[in-house]
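This note's numbering numbers the first residue of the sequence shown as 2 and each following residue consecutively. One structure is given here, and the rest of the page talks about it.
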Amino acid sequence: MQAERHKRFHGYVKVEIEARFPRRWIWTIYRSDSETVVLRAPSGFTSAEDAWKASQSALRALEIGNPAAIPIAA
2 MQAERHKRFH GYVKVEIEAR FPRRWIWTIY RSDSETVVLR APSGFTSAED
52 AWKASQSALR ALEIGNPAAI PIAA
């Protein structure tokens with residue numbers, strides 16, 4: 002088992018459908034200890050996989066405390 006790295010932020014991601022036609026996906030990052038929205042995708046994605054990849058980059062940036070590394074657009 003790997004030791005947990007030190008994080009400055011603890012949260013989780015939800016990827017959801019924003020619009021049915023044309024189908025667009027968005028991600029939202031929530032704080033772990035509440036339902037507080039911390040960050041939301043600035044625009045929609047054409048696939049859930051693309052939204053997931055972008056959300057993981059944003060989540061890693063929050064975890065290390067580097068908000069400048071958060072992707073701005075899809």
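The C-beta atom is built at its ideal place from N, Cα and C for all residues, glycine as well.
DSSP three-state assignment for S24, whether helix, strand or coil: For the sequence presented, residue 24 should be read as Arg rather than Ser. Here R24 sits in coil by DSSP.
Sequence-distant residues of its chain with Cβ nearer than 8 Å to R9 (five each side left out): The residues are L63, E64, I65 and G66.
Where K15 sits in the DSSP three-state scheme: Residue state for K15 is assigned as strand, using DSSP reduced to three classes.
Within 7 Å, strictly: CB atoms of W28 and V38: Not in contact: W28 and V38 (Cβ atoms no closer than 7 Å).
Option nearest S56 by Cα separation, candidates S35, D34 and I30: Ranking the options by Cα distance to S56, first place goes to I30.
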